[in-house]
Amino acid sequence: MSLFNSVFGNSKTPDNSKNNINWIPLTDLGQLNEIIELSNEKPVAIFKHSTRCSVSRMALKQFENEFNSADSVETYFLDLIAYRDVSNEIATRFQVVHQSPQLVLIKEGKSVYNASHSDIDAQELKSKI
């Protein structure tokens with residue numbers, strides 16, 4: 001394994017065995033309706049990740065190291081390169097400007113918090129949940 005891969009990783013999806021986040025892959029537009037419904041009972045966080053961007057990989061790894069989803073929030077992971085239509089629909093439905101990487105928190109069907117790049121902060125997300 002190269003130094004680059006050991007620092008930034010090389011997988012396109014997160015490895016749940018190495019973190020405390022139970023990622024749910026977000027791969028279909030229909031899941032957005034499920035997220036809206038679920039967010040009426042429990043907050044939902046969506047992490048939008050670009051598999052082509054080292055900044056996005058670093059933000060993802062930092063977030064995974066600092067956040068434990070436990071039972072307080074459902075966590076969805078979006079590979080926005082593979083599912084650009086889903087990413088675009090998130091921007092439209094939840095009225096957030098598209099960013100990458102980006103973390104969006106949904107409560108009661110609405111975005112109540114979003115952050116991108118170095119502003120993605122696990123402690124800040126916890127305070128919003």
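Going letter by letter, the sequence shown gives residues 1 to 129 in the numbering used here. We put the CB at the ideal spot given by N, CA and C, even for glycine.
{"query": "Cross-strand partners of Ile-24 (DSSP beta bridge)", "result": "Tyr-76"}
{"query": "Which of helix, strand or coil DSSP assigns to Leu-103", "result": "strand"}
{"query": "Element boundaries [alpha helix (DSSP H), containing Ala-91]", "result": "84–93"}
{"query": "Inter-stretch contact at 8 Å, needing at least 3 Cβ pairs: the region 88–96 / the region 54–74", "result": "no"}
{"query": "Residue burial classification, Val-104 (beta-carbon count within 10 angstroms, cutoff 16)", "result": "buried"}
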